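Numbering (UniProt numbering), first residue to last: 1 to 131.
What follows is the structure, encoded as structure tokens:
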């Protein structure tokens, strides 16, 4: 099992993971585009009990295009989101893939809200695809 370490830019807020991802996904919904500042968001879900969190976070509750809510934890110093807790999945924690700063991180296996995907984006062909 690979141990993974995610952090904000300044290093004050961290998440250490000692489990394989439950799911690695990209989301093209408009809410994720806004929150990520990009054309899609990439995140990995892990068992919450296998993630050690450290540092002080500020929270913001977001509502996705599906109506589902999640509490996002971000660094009050540099502003980076390091994890979020989906209300519908109390046993899981989601971490933006970029917070790991690891080019060897596995690719997404799921791509959702593809009807809102930008025309020039090409998700991994082996991923599960959902409109």
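Just so it is clear, CB atoms sit at the ideal spot from N, CA and C, and this is done for glycine as well.
Bear in mind that the values here come from a model prediction, so they are computed numbers and not experimental data.
Check                                                                                                          : Outcome
Proximity of residue 90 and residue 70 at Cβ, strictly below 7 angstroms                                       : no
Bounding residues of the alpha helix (DSSP H) (the contiguous stretch that carries residue 31)                 : 30-36
Closest residue to residue 1 among 10, 83, 50, 36 (Cα-Cα distance)                                             : 50
Cross-strand partners of residue 95 (DSSP beta bridge)                                                         : 44
Extent of the continuous beta strand (DSSP E) to which residue 27 belongs                                      : 23-27
Beta bridge counterpart(s) of residue 83 as assigned by DSSP                                                   : 73
Classification of residue 130 by the beta-carbon crowding that lies within 10 angstroms, buried from 16 upward : exposed
Rounded separation between residue 30 and residue 52 - CA only                                                 : 30 angstroms
Test: residue 96 CB closer than 7 angstroms to a CB of chain C                                                 : The structure shown contains no chain C, having only a single protein chain.
Close beta carbons around residue 61, own chain, < 8 angstroms, minus the five adjacent residues each side     : 69, 70, 71, 72
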